[in-house]
Amino acid sequence: MGHCRNDLSRSNSGDLVFDVKCVMKMKLPARTPSTAGNPGFSSSSQILCGIFSLVAGLILSLAGPIPVVAESAPVVHLYCAQDQVFAEPILAEFHQSTGIRVLPVFDSEAVKTVGLANRLLAERRHPVGDVFWGNEEFRCRQLAAAGVFRETNSWIAFGHRSRRMVINPQRLATAAAPQSLVELTNQAWRGKISFAFPGFGTTATHFMALRQAWGEARWLQWCRALAANRPFIEEGNSQVVRRVARGEAWVGLTDSDDIAAGRREGWSVAALPAGPEMLMLPNTVGVVRECPHPEAAEALFNFLSRPGVQERLIAADALEAGAVFGPSLQPNWPALLVDLDRATVQIRKLFRP
Numbered sequence: 003m004g005h006c007r008n009d010l011s012r013s014n015s016g017d018l019v020f021d022v023k024c025v026m027k028m029k030l031p032a033r034t035p036s037t038a039g040n041p042g043f044s045s046s047s048q049i050l051c052g053i054f055s056l057v058a059g060l061i062l063s064l065a066g067p068i069p070v071v072a073e074s075a076p077v078v079h080l081y082c083a084q085d086q087v088f089a090e091p092i093l094a095e096f097h098q099s100t101g102i103r104v105l106p107v108f109d110s111e112a113v114k115t116v117g118l119a120n121r122l123l124a125e126r127r128h129p130v131g132d133v134f135w136g137n138e139e140f141r142c143r144q145l146a147a148a149g150v151f152r153e154t155n156s157w158i159a160f161g162h163r164s165r166r167m168v169i170n171p172q173r174l175a176t177a178a179a180p181q182s183l184v185e186l187t188n189q190a191w192r193g194k195i196s197f198a199f200p201g202f203g204t205t206a207t208h209f210m211a212l213r214q215a216w217g218e219a220r221w222l223q224w225c226r227a228l229a230a231n232r233p234f235i236e237e238g239n240s241q242v243v244r245r246v247a248r249g250e251a252w253v254g255l256t257d258s259d260d261i262a263a264g265r266r267e268g269w270s271v272a273a274l275p276a277g278p279e280m281l282m283l284p285n286t287v288g289v290v291r292e293c294p295h296p297e298a299a300e301a302l303f304n305f306l307s308r309p310g311v312q313e314r315l316i317a318a319d320a321l322e323a324g325a326v327f328g329p330s331l332q333p334n335w336p337a338l339l340v341d342l343d344r345a346t347v348q349i350r351k352l353f354r355p
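The number in the numbering used here is simply the position in the sequence shown, starting from 1, with 2 added.
In structure tokens:
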């Protein structure tokens, strides 16, 4: 006899795949000469065919009808920097309401928007993606300036997260925490600071915005002192929150949604108030110029622009509720783009992993 196990899994494209694995344990008799009328077809072969028929029957009965997708079924290719856990339910709702299947490409936390932006820049002459869903403003503006998006109604920004300092209240009281980023270079925080590598993601945008606000000379001095203070340089913002929760770092520089995610896990972490050195981070959505599926791209663009999408992201702590609060960095984005290459080289030399 044998036993069967069925597994429901998700393929690389995001589709659910039903997998039936059967293990048959059966003693096969010795091969006997073929009989007349069935030349070359032994009793062993008959048994094997019976096994294959049984397995095929189990697959059909357990998996149900095999879905057939018409070749003309509409699709849209999405490059998505929003976290997969937040984006997938929204994309599923879009598919259900429009019949358009979304084929998303997500990126790793370490490179996030930068990796997707570089891919779109590389594909500019022969677009593959239709829509870009970003999790910050800078890289979207970079793509728009490079002509990646269509000319009219090209991209929008909505909602916001914020850059924040995070602490472990069990290790450090709010009153004793640093009140500004400048204080992170003090001897008291030596070996007790954590932030993501500032060559990528929102940390890169934040550091570049500080460079513009403070001036290059003061910023370089701060960066050198910060690097000399033996910080933990992480692959991504979630690792910053994790290290602070473990008490290995006392202060971290991260995003508000990563702090909220840590609190959902029951970690002892708290955000310090936002201030003039912090940066607001809206979501963005843009349509690629001469994309392969313009009608489907327009439908997804309009769907993601709805207030209901922002409300769902706020409910999931992917965005923050309410209006932008208090003073914050207000970058001159065109000037920041002009300095992008020079600032990137400086950051990588200063904070080489």
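For glycine and all other residues, C-beta sits at the position ideal for the given N, C-alpha and C.
Every value quoted in this text rests on a predicted model; they were computed, and no experiment measured them.
How should residue i be labelled, buried or exposed, when 16 other C-beta atoms within 10 angstroms of its C-beta is the threshold for buried?
{"i": "P106", "result": "buried"}
{"i": "S240", "result": "buried"}
{"i": "W150", "result": "Looking at the sequence itself, residue 150 is Val, so the reference to Trp does not match. Result: buried."}
{"i": "H128", "result": "exposed"}
{"i": "A119", "result": "buried"}
{"i": "L180", "result": "As written in the sequence, residue 180 is Pro, which differs from the Leu given in the question. When all chains shown are included, P180 counts as buried."}
{"i": "N285", "result": "buried"}
{"i": "E313", "result": "exposed"}
{"i": "A94", "result": "exposed"}
{"i": "T187", "result": "buried"}
{"i": "E1", "result": "Shown here, the chain extends from 3 to 355; a query on residue 1 therefore has no answer."}
{"i": "T154", "result": "exposed"}
{"i": "R354", "result": "exposed"}
{"i": "A219", "result": "exposed"}
{"i": "A298", "result": "buried"}
{"i": "R163", "result": "buried"}
{"i": "R266", "result": "exposed"}
{"i": "R213", "result": "buried"}
{"i": "A1", "result": "Because the chain in this structure spans residues 3 to 355, residue 1 falls outside the shown range and cannot be described."}
{"i": "A323", "result": "exposed"}
{"i": "G310", "result": "exposed"}
{"i": "A247", "result": "buried"}
{"i": "A413", "result": "Outside the displayed range of the chain (3 to 355) lies residue 413, so it cannot be described from this structure."}
Reducing DSSP to helix, strand and coil, say where residue i ends up.
{"i": "E138", "result": "coil"}
{"i": "H79", "result": "strand"}
{"i": "R244", "result": "helix"}
{"i": "W221", "result": "helix"}
{"i": "I102", "result": "coil"}
{"i": "L339", "result": "helix"}
{"i": "W191", "result": "helix"}
{"i": "V184", "result": "helix"}
{"i": "T346", "result": "helix"}
{"i": "P284", "result": "strand"}
{"i": "H295", "result": "coil"}
{"i": "T154", "result": "coil"}
{"i": "R163", "result": "strand"}
{"i": "V271", "result": "coil"}
{"i": "D260", "result": "helix"}
{"i": "E236", "result": "strand"}
{"i": "F303", "result": "helix"}
{"i": "F88", "result": "helix"}
{"i": "V70", "result": "With a pLDDT of 41 at V70, under the threshold of 50, the modelled position of this residue cannot be trusted, and the question is left open."}
{"i": "G254", "result": "strand"}
Please go through the same chain and pick out, in chain order, the residues whose beta-carbon is closer than 8 Å to the beta-carbon of residue i, but skip the five residues on each side of it.
{"i": "T176", "result": "I169, A272, L274"}
{"i": "P294", "result": "H79, P129, V130, D132"}
{"i": "R245", "result": "S196, F234, E236, A251, G254"}
{"i": "G249", "result": "N170, Q172, R173"}
{"i": "G217", "result": "none"}
By Cβ distance below 7 Å, which residues in the same chain neighbour residue i in space, the five residues on each side in sequence not counted?
{"i": "L339", "result": "R143, Q144, A147"}
{"i": "E292", "result": "P129"}
{"i": "R350", "result": "G201"}
Under 6 Å Cβ to Cβ from residue i, same chain only, skipping five residues before and after it: list those, please.
{"i": "R165", "result": "H208, M280, L281"}
{"i": "A318", "result": "F88"}
{"i": "L183", "result": "E279"}
{"i": "D260", "result": "N239, S240, V243"}
{"i": "P76", "result": "I102, A298"}
{"i": "R152", "result": "V289, R291"}
{"i": "A262", "result": "D319"}
Contact defined as beta carbons within less than 8 Å: I believe residue i pairs with residue j. What is the distance between those atoms, to the nearest angstrom?
{"i": "A320", "j": "D85", "result": "7 Å"}
{"i": "R126", "j": "Y81", "result": "Not really, about 13 Å apart at Cβ, beyond 8 Å."}
{"i": "T346", "j": "G117", "result": "The Cβ separation is near 14 Å, so there is no contact."}
{"i": "V104", "j": "V78", "result": "6 Å"}
{"i": "S307", "j": "V287", "result": "7 Å"}
{"i": "F234", "j": "A215", "result": "About 25 Å; that fails the 8 Å criterion."}
{"i": "A229", "j": "L352", "result": "5 Å"}
I'd like to confirm something about residue i: is its beta-carbon nearer than 7 Å to some heavy atom of the ligand MG, or not?
{"i": "V130", "result": "Ligands displayed in this structure: none; no statement on the ligand MG is therefore possible."}
>> When you compare the segment 184 to 192 with the segment 262 to 270, are there three or more beta-carbon pairs, one atom per stretch, that lie closer than 8 Å?
In response: Touching, no, given that fewer than three Cβ pairs across the two stretches are closer than 8 Å.
> If you pair each beta-carbon of the segment 208 to 215 with each one of the segment 319 to 334, do three or more pairs fall below 8 Å?
Replying inline: Because the criterion of three Cβ pairs below 8 Å is met, the segment 208 to 215 and the segment 319 to 334 touch.
>> Any contact between the segment 129 to 140 and the segment 285 to 304? By contact I mean 3 or more CB pairs, one from each, below 8 Å.
In response: Counting Cβ pairs under 8 Å, three or more are found: they touch.
> Any contact of the segment 155 to 163 with the segment 212 to 232, i.e. 3+ C-beta pairs under 8 Å?
Replying inline: No, the segment 155 to 163 is not in contact with the segment 212 to 232.
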